[in-house]
Each structure stands twice: as C-alpha cells, then as structure tokens.
Amino acid sequence: MWRARVVVFLLAATSVAYAKVAVLPHDVHPGYEVTQFQGDARSLSNFRLLETGFSKYFTVLGNGLVMTTSDLTPLVDRPVNLVVLEELVNGTKTHDLHLYVINRRNMLTFSHDRLGEGGVSENSPAGTWIDGFPILRARGSFPVHYKILPDDTGERPFALRENESSETGFNLTLNSQKQGVRVVTAKPLDREVRELYTVVIHASDGNFISTSKISGVVHVLDRNDNSPIFERELYIFEIRPTNLDTLHKGNEVSPGWKRFSVVGKVTAKDADGDKIAYKLVTPSSLMIVVPQTGELILVGEPEINAEQDSECELVVEAHDIRTPSRNTEKPAKVIVRFLTSEPDDQQEVHRIQKRRVTRAVRPTKKVDFTEADGNIEGKIAFYLEKENEKETYKIRDENKWVTVGANGSVMVKQKWDYEELGPEKTIDFWVTITNTDTDNQRVIINMKDVNDEPPYFINRPLPMQTVVQLNAPPNTHVFTLQARDPDTDHNIHYFIVRDRTGGRFEVDERSGVVRTRGTDLFQLDMEYVLYVKAEDQNGRIDERRFQSTPEERLSIVGGKRAPQFYMTAYEAEIPENQKKDSDIISVKAKSFADREIRYTLKAQGQGAAGTFNIGPTSGIVKLAKELDFEDLRQPHIYSLIVTATEDSGGFSTSVELTIRVSDVNDNAPKFELPDYQAHNVDEDVSLGTNILRVKATDADSGVNAEIEYLVSDDHFSVDSNGIIVNNKQLDADNNNAYYEFIVTAKDKGEPSKTGTATVRIYTKNKNDEEPKFSQQVYTPNVDENAGPNTLVTTVVASDKDGDNVRFRFVGGNTTSGQFVIEEITGVIRLHGKEISLDRDKYELNVTALDDGACCPNGDTTIHTSTAVVVVFITDVNDNKPVFKDCGMYYPKVEEGAPNGSTVIKVQATDEDKGVNGQVKYSIVQQPNQKGTKFTVDEETGQVLTNKVFDREGDDGKFVSVTVKATDQGEPSLEGVCSFTVEITDVNDNPPLFDRQRYVENVKQDASIGTNILRVSASDEDADNNGAITYTLSSPNNDQGLEYFEIQPESGWIVLKKPLDRETYKLEAMAQDKGFPPLSRTVEVQIDVVDRANNPPVWDHVVYGPIYIKENMAVGAKVVSVKARGYICTCEGIPGDFRRRTWALERWFLLTSATFYASNTLPAKAMISGLTFMLAF
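-2 is the number of the first residue of the sequence shown in the working numbering; add one for each residue after it.
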C-alpha cells in the first residue's frame, strides 16, 4: 500500500505548478541538505519555513537551504508538505516543497558503487560485452526499470542485456534480484571518431519512486583498421645542377649534381595514429626514400648533357608499423625532373591559389572557456575556421550544451555548468562540413570552473560542541571549523557572526581554528555560544556579499561536559533471518576530554534481554541470538538504551536505540487440501457462477502473508477469497466432461513464495451443440456434358454432443432441381433423368440436423446448421472459333502506305466459356510465300500491313490473307477466315513514251490535215492515274506550232499549214489525269523531203529468222543491219547532182524484253517474222 500512496502523492504533487518534489530515505542524519531555493537575483531575499506541523523535522536557512533537524523515522510513508516563505524587499513569495520519506530498505540501490572503466575493441559487432564492467544487479523493490541514458551528443552507442535471457535494449524491466544487466555495444564503434564514452545507467522501481544512477567510462580500443593514405597522389619535384652558371658559358663541362641531397618529401597519414614507413616500389639507381621520414634523396648522377632536361618516375608505397601491417591502398607517384636548361629570364608570375584538400576528418579543434562564457542561451561562443566561404556547418549529433550554425558559429544551447559535466570537464562534439565534399571535424571545449557553489560545514557531530579549560590562557585552541566548497578555486574564510560569550573567543579567518581571548578564567559548566559561518571570498554574490554557509551554533562549556553521540537517536532495522553475531549498527560518541569511552547496552521491555550486545570500546551493536518473526514470544520492536561513559570516572551520556525486526518471506502459502473437486456442473451455467472455493494460509505476516490466487486455465478465474468462477462458457464435449487445472497461492513477499493445489471440475453434457459442417461453402466442379447420377460432392458435418446427423436441402427435401442428396451420407448427385446444365453455376443450400441421441431428453431440442454448395459447371471445349462476318470483309489498303498501317479488325467468337472461349489470332502463312505481308494483334484481331505495297509491282491489285483464330482450350480448336485485300492505286508512275526521240520524213507537198506522226506513251497506273493526254510545244519558239498540231487523245501530229523549210523541231508532252498529275516529254523532229528523193535500200530484204535466248541481258547485241540511200544536194550549180552513199550499221538492242532500234531513221526489217522500224 505504501507504493500506491507514494504514487498518488507524487502525481498530485507534480500537478501543482512550480512545486519541488523530493524523496528521502528515513535514516538521513540531522543536517542533511534536502534542496536549495534560489532567491530573486535582482533583490535581497530571506527564506523561512511556515508552520505546517513539520517544523520539528525540517528547517530553512536564510539563504533558502532546506535541511533536516531530526530523525525522520516518524514520517515514513507519510506525505510531507512544506511551505517556504521568501521575503523580498517589496513583498513575499511562497514556495511549495513536497517530500516523501520512505524506508531505506525499500530504496533502490545497485550492487556496485560504480561501473568503473571498461574497454571494447573498435568495430566489434553490436551486442559485444564491455570488458571490465560487472554484471549489475539492483536491490530494492521489484520490478526494476533499467534505462541507459544517451550521451552528451544524444546518441546511444551502448545498450543493456539481461544476463539470463539475453534480452537486449535501451530499456529493460527485471522482475527478480537474481537477474542482472550487462552493458553491450549497440553498434560498431570507431576509435578514430571517438575513443572515450561515459555510460550512465538509470534505474527506478516499479512505481518510479525510488531511483538510482551509476556511471562508468568505456575506452574504445584501437584496431589496425585504417591503411595509410598519401596526402597527394602525384608529387613533382625539380632539381638543377650545382654548376648551372658554368654550363651556359660555353665551357664543355658536364652537369654536376649534389649527391645525397634531399629532393623532396612524400607524406602519408594513418587514421589509427600509427607510425609509418616508406619504400620504393620501383627500384632506382638515382633515388632512395628514407623509410622513417619519406624524404627522397639523390644518390646517383643522371647521365644527361648541358642542354638536355630529363626526368625519372618513381612509385612510393607506405605501410604502418604494426603487426599485422597495412599498406596504402593506392601508392603515390613521384616525378623528379632534372633541369639543365637555362631558366627563362622572364619568369611567368604564378598565382598560388589555396587548394582545398578533401579529407574524411579534419584536425581536432580544441578551445578553452570558462562556464561563465556560456551563461546566456543563444550566445555565440566562437566561430569555426572555414577553408572557403562556400562551406556550411552542421552539428552531427544533438548536444546538450551547444549547437552549430550553418556559418560555423558555435552557440550556447543550455547554460554551461561545470559541476554537471563529466569527469573530463569538456564539451565534446562533431560537426559535418559540406562543400563539394563532406568533411568531419571534432571540437573539444575544455571547461574551466566558475565559482558559483557555496561552501558547507563538514564538522560532525552536530550541533557543534566542545569544552574549554577553566584556566585556558589566551590563544588556546578550542575547536576547528571545517568547511568544503565544490568549486575548484574556492577561498574559504571563517567568521564569528554572533558572539554570545562577551568576546572570550576568536576564530582564525583562514584555518577556522577557534581560540580563547583574554586572561579571565572560564566558569565551570557555563555554556559559551558562538554563531559562526564560512565564506568563499572567491565566490562573490554582489559588492557586499560572498557565498557562505548557513550560520551554525558552536556550544563551548567551561571545564567538562558529557560525551556527545553523533546522533540524537539511533534506529536500525534487521530482517528476522539476520545471522547471529552479525553487526547491526555502530553507535559512537565523542569524548571532549579525549578519554576512552566505554559503551553499555540496556534492554527495555519483555523478551529483549540477551538479544543484543554491544562492543564496549567499538560501540558496534551485534545480534546475540537468532530471531523468528513468527515466534510470538519475541517482540518486533526492541527499545534499547546505549550509554557512553568516559574512563576514570568521567562523564556519561545515553541515547535511545530502536531496532525493528522485519518479517522475511520464509514461509510458502499452503492450501487446506491438495485436491479440490466440483461435480455435476451444468455445462450451460451462466458466466461468473461460483463453482467452488479454495483456501491457503501463510505463516508469515504483513505483505509476506498477503495471498493472491492464480489459475492456469483461462476458462476460470479466482478472486482474493479463493472463489473460483467460470470466465467462459463450459463445454462438456471438448474436455471429456471435466476440467483439470492448477490453482496457485502466491504471497506478496520479495521474493514471493507459492503453493499449489489441483482443481477438477466435472460437467454434465446437454444437447446444446448444433451440427458443424466441415466447411461452410463447398465448391465442386461438374462438366457441362455430365450425365445422370454423376457424383457432385459429399458434405460432412459432425455434432460435438455425439448426436447423429441427417442431411437435406433447405426446405426439408432431398431434391433440388437436377440435384439430389443422400440423407445419411451427405452425397450429392445429379438426378437420374435427362440433364441440361445450361448455367455457369448452381447454388444449393444444405441443412444438417441432429437427433438428440447424446443425452436424456435430448430429442426435445433439435439443432440445425446450414452450408452452401456452389456447383460450378466446367465448360468442355466443343466449339471452335467462328468468324461470323468473314464474308463481309473487303478491306482496302493504299499502295505505298507505311509498314504497320491498319487494314481491318477481324473478330471471331467461341460459344465455349472460360479459357475454352478465349480466342487468339494469327496469320496463316501462304504456300511458297516468303514472309508474311500482314500481321495481326493476337488479342484484338487488328490486321496491319507488314510491308509497303506496290500495285504496279509484284504485289498486284489484290492480295489474299488468311487469319486463324485459336481458343485456349485443351486441346485447342481453331477457325480461319480468308479474304482479299485490294491495293488501291496511287499516282506514282509518270507516262513513258515508246521512243526516246521521234524523227519523221514528210513530203514537201503534203496536204493540210495529213497525219504526219503518232507519238505514243503508256502509264502503269490505273484509272485517271493512267489516262494520258498529249500536248505539243516548240522549244525554240521557231513557230513550228503554226504548221503542226497534236490530237490530245490519240497523239497524232497533224499538218496545219503547207511546209516551207527542211526541218521542224517540236516537243510532245504526255500527262496523266492523276492528282497531282505526272508528265513526260519527248523530242519530235520532222524532216521535209523533196519528191525526187529516193528511199534507202536495205542490203537484205529480210533479216532472219534471228534467234535469241530468253533472259538475255539488256543491251546485248541482237543483229547488224545495213541500208544505202541516194540524196541529191545542190552545191552552187542547179541540176548538178552528186551521188552519195551511206553504209550505216545499226545495232538492235534487247531492252525490257522488247526490240528497239538504236537509230530512228525510217526503214523496215523483218526479224523472226516481226517488222521493226529503223531510223537513219
């Protein structure tokens, strides 16, 4: 109950605004400092305690320090509410202080005072134990909640692991003192990032009342996990001969080099901090590298002349001096240039730009500050140094004390407090620096203390007392005041604040020694009182005040005084199983006469005598005989008087000692019976029915005798009185008509003890269960062409009561449509008549009925349940795909249409269902056809061209295509559709004349209207694209069109006007009627001949027959023909005729399977029965 009261009290206390809360152990000594109230810094404050009934136990000094003044045992487990009044210059202010005093035995403590120092190797996997750290166990009230706190950067690099179950986490809850925790790593650690961690573990009891904290230091042990890295990948050094001036004065001398001189130096760094050695990978007769320093030394002389520059290339490798050793992953390349040429007088001015070196970790920055430098939150303490202005900064992990701005400013996050820092007294954090690359830098702020803590007296016992000899001369040492100050730079001075002795004493300001003043004798037994304090004169509060202790009373008695015990009363608590002769408590007193003190012990009350004894000189109280808390003859509280007496008849004084004996949980609960039974319990009793009662007793007392009951079967529960009730509906069918489980009696001691008994509850069966189908939905498949009496499925149901089960369709019948069910077996079949399964599925509702045969009068109540049978009709692939519109397909595609043009979309249907009705399309390859001219989308049936068609070429006007549709049944069926695709014409062919040039002779006296010559052209296109019209033109504008015209449709050239010259040159054009129209032209020459002219005469009347081979190449020689003619020309004298003969040889050439003459003068020849026109 005390835990519950504490929790309620603390919750109520924390709900009060600005109230302080503290938990105290019951045995703190008087003068224990509870808390400190801080006064208003702007004005002088004085504090005092208002009366709330607790002024006997607490006091408040003027500076706000709350202290105990008496033993707190009477306040154990009681809430204490104090009200402190702060007196200001212009008013007052009240402060609430809520305290709770608990027995120290119930306070949480650790098995060790501190974790100490441990170590773990870097890169160890998560879960590695910290070597050197103990297994940590807690003492106090369980369960105990452990928590490992984040470090000062906010990270949790360590975790806790329970030593038995190996459960690991940042927060663990342990239920027994036998369990302990170990500190393990939560992640691999890198010593190069951080080598020292402070681990803090916080523990609290189950109610979060009593807490404890323990800390330790973890050293990250180095492993050789980093290879050396060169600062640069390429080093270039230049060296010139020592006699460079002589070389260029015409003297025939060789360059001189300074051997064993240092040419340059290569440098590598090892993040592990190891020493590094260097070596040449490429041996050289000119250079060596010093292993320890990386210096390159010239040991040979290069063989070069005065006007020749040369260079040598070296490769240097570095390795750390460690076992095993690590080499550089990438060696450095070194180029040494030997320069003998004369340097240029006008040297180029080099602008040296600072180069940013990319590295993973920059050098650690260390700065020194005092805690006063961080007294204002948000204050900029300093700036980190930038390598260039583009760099931005960010703190890598959260830190309690500082934050970092993007510009590199380090700002105070929380007011710095030297006393709260760890043992290193540093603020240690990492920053991430971002530019083109990302660097990291460690920053360490070394903190110096600022004097901000007041001193305090360490004199004991309190109040301070001493004696003075009656005839003590001046400057006699009487007492020494002793004070301490947490600050490192304290300067403590001691003062008498109030003197109630008339100036008989003084205190040495620096040593605190109290001495006598004056020569007057001191009076016997007279008390001289001084009020003293200690000031830290390095801890100035304002111009007039220093930090100081509260005033303390120093009592000085003349002559002699009785010894003083260190406490006004003593208390101790021991368990009943405390071992005989073991130490219980030390009761010590101080002798002011410096005499040896003898201690005696006197018991008060019955049964106390002989139980304890005390060491006569040591003051240690021990147990003289064994205790038993359950023994009624032995008291639980012993009141003792301890007397301290000085030797040789000196003074004596006494103090009360109270020893409480606490019960130890050494008796387990015991049940009255080992086996409890209940018979004939109806299985349908209502929930919460009392079934039976068990009872256990415990010989211990207090919480150790308080018993709670537990049961192992969740059908039942048990209350604190041992009454067992049912939590769930009982079922005689599932448990062989009875339930058997264990009931446990558990006391509330620590650790608890238990006793067990067996419980059996026998139940009576009733017909209260309905039949249960093996499944709620049955999904059989039946072929669509199944015949009569085909088995469909079997439904199965059972009854937990053991009843027989009958089956019917809903409605009570054993038939439903084309289906029948067997009442006993649950078999469902098709009926014996003609079957017509024309639907995709049939749903049948089946009922199961019990008969009540399990129990007497069971048949008075019939239970039923239903299930659904969904009969899926499986399609049989007995229909092939059909193109219903195949006869309607007359697609057209334009010649020249691009590949992939749409032709038509075909569709086939399949009357089957499912995959049997799913159709895919394909093109059927035509016989002797290379490739396919069309493609089809297998899913949509879209037919596309697979080439560019040419109507006038091999493709022709019509192309046949066959599309096949295949269903996905097994085996698959297919259907085909064949149709013709018309290739529509495009005007892509111009007219072609049958001759390359037309030449015709016409007599001079030809009459008007005579058909002179017919030009003829053809066009391979169709319709208007191939229809030709002719026109005539005169290319030389020689008025030839005045004499001739052409008929547009026939191509005949007709004479319009009598002829009057020898030759007419015209141009005929043939043009089709396509859009756009295409045309060709041909030259026409008409020669006018005189009537007296004689026609040419062939050498032979008939040529041939001439035979040629098929497929003869175009342009091959066919035949040679000759003709002779007589032409009269006038040369000056009319009638003067001259005979001229031409022997013209012309060749027939094979052109496109048609014979043409190679000249066009008119003539006739017969070759193989064919007449050809020749032209000369």
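We put the CB at the ideal spot given by N, CA and C, even for glycine. Just so we're clear, the structure is a prediction, and the values are computed from it rather than from any experiment.
Residue i - partner residues in DSSP beta bridges
| i | result |
| --- | --- |
| A1113 | BP columns for A1113 are empty, so no partner. |
| Q33 | L62 |
| M885 | DSSP, once it has assigned bridges, lists no residue as partnering M885. |
| E747 | For E747, which the question treats as bridged, DSSP gives no partner whatsoever. |
| C852 | Looking at the DSSP assignment, C852 forms no beta bridge with any residue, so it has no partner. |
| A265 | F227 |
| A605 | Bridge partners of A605: none, in fact. |
| I582 | V618 |
| Q1068 | T1026, S1076 |
| Q462 | S552 |
| T863 | T844 |
| Q438 | R359, V428 |
| D365 | N443 |
Among the options, nearest to residue i - alpha-carbon criterion
| i | options | result |
| --- | --- | --- |
| P1073 | F931, K1062, N1022 | N1022 |
| S749 | K144, V708, A665, V793 | A665 |
| S615 | V494, K1106, L637, I582 | I582 |
| F804 | V867, V792, D798, Q603 | V792 |
| K743 | Y735, K725, S771, L707 | L707 |
| L1177 | K1070, D1069, G1071, V1051 | What the structure shows of the chain is the stretch from -2 to 1173, and residue 1177 is not part of that stretch, so it cannot be assessed. |
| F51 | K1114, L381, W126, V81 | V81 |
| V933 | G953, E326, N896 | N896 |
| E114 | G270, V196, G124, E230 | V196 |
| E766 | T361, H860, G1006, E669 | H860 |
| L133 | P458, D1020, A200, G1101 | A200 |
| P154 | A135, D187, K175, G177 | D187 |
| Q631 | L654, L518, G646, G607 | G607 |
| P853 | D882, Y886, D800 | D800 |
Own chain, CB closer than 7 Å to residue i, minus 5 neighbours either side, in chain order
| i | result |
| --- | --- |
| K412 | G371, N372, E374 |
| E1142 | Here E1142 scores only 39 on pLDDT, less than 50, and its place in the model should not be relied on; the value that follows carries that caveat. Around E1142: S1117, K1119. |
| Y415 | E368, K422, M444, D446, V447 |
| M104 | P22, G137, S207 |
Close-in-space but distant-in-sequence residues of the same chain around residue i (CB under 6 Å, 5 per side omitted)
| i | result |
| --- | --- |
| N782 | V873 |
| G914 | D907 |
| K376 | V409 |
| E189 | A268 |
| L1056 | Q1001, V1085 |
| S282 | G297 |
| R158 | T165, R179, V181 |
Contact set for residue i: own chain, Cβ-Cβ below 8 Å, skip 5 residues either direction
| i | result |
| --- | --- |
| K53 | T66, S67 |
| P613 | R595, Y596, T597 |
| S649 | A559, P560, T640, A641, T642, E643 |
| Q350 | At Q350, the pLDDT of 37 sits below 50, so the modelled position is not reliable; the number obtained from the coordinates is stated separately. Closer than 8 Å at Cβ, skipping near neighbours: no residue. |
| N396 | D149, T150, G151, K410, I424, F426 |
Is there contact between the region 990 to 1002 and the region 894 to 913, where contact requires at least three CB pairs shorter than 8 Å? Put simply, the region 990 to 1002 does not touch the region 894 to 913. Fewer than three CB pairs are less than 8 Å apart.
Is the region 98 to 106 in contact with the region 198 to 215, if contact means three or more CB pairs nearer than 8 Å? For the pair of segments examined, the region 98 to 106 was found to touch the region 198 to 215: the number of CB pairs separated by less than 8 Å reaches three.
Quick check: the region 522 to 541 against the region 485 to 501, are at least 3 beta-carbon pairs closer than 8 Å? Contact holds: three or more Cβ-Cβ distances are below 8 Å.
May I have a chain-ordered list of the beta strand (DSSP E) segments no shorter than 3 residues that lie completely inside the region 224 to 255? Here the runs fully enclosed are 231 to 236.
Residue ranges of each beta strand (DSSP E) run of no fewer than 3 residues wholly in the region 666 to 733, ordered along the chain? Counting only runs of 3 or more, we get 672 to 679, 687 to 690, 704 to 708, 713 to 715, 720 to 723.
Cβ contact (3+ pairs, closer than 8 Å) linking the region 228 to 244 and the region 144 to 161: These segments do not touch.
May I have a chain-ordered list of the beta strand (DSSP E) segments no shorter than 3 residues that lie completely inside the region 933 to 990? Within the region 933 to 990, the complete beta strand (DSSP E) segments at least 3 residues long are 939 to 942, 955 to 964, 971 to 981, listed from N- to C-terminus.
Is it a yes or a no for the region 290 to 310 touching the region 254 to 268, going by three-plus beta-carbon pairs under 8 Å? Flag = yes, the region 290 to 310 and the region 254 to 268 touch.
Taking contact to mean 3 or more Cβ pairs, one atom from each stretch, closer than 8 Å, check whether the region 171 to 181 and the region 68 to 79 are in contact. With a cut-off of 8 Å, the region 68 to 79 and the region 171 to 181 do not count as touching, because too few Cβ pairs lie within range.
Count Cβ pairs between the region 673 to 680 and the region 692 to 709 that sit closer than 8 Å; are there 3 or more? The region 673 to 680, when compared against the region 692 to 709, does not touch it at the 8 Å Cβ threshold.
Does the count of Cβ pairs from the region 674 to 690 and the region 756 to 772 closer than 8 Å reach three? Under the three-pair Cβ rule at 8 Å, the region 674 to 690 counts as touching the region 756 to 772.
Please give the ranges of any alpha helix (DSSP H) in the region 621 to 661, keeping only runs that are unbroken, at least 4 residues long and fully inside the region. Correct list: empty.
Within 8 Å, do at least three Cβ pairs link the region 674 to 693 to the region 709 to 720? Flag = yes, the region 709 to 720 and the region 674 to 693 touch.
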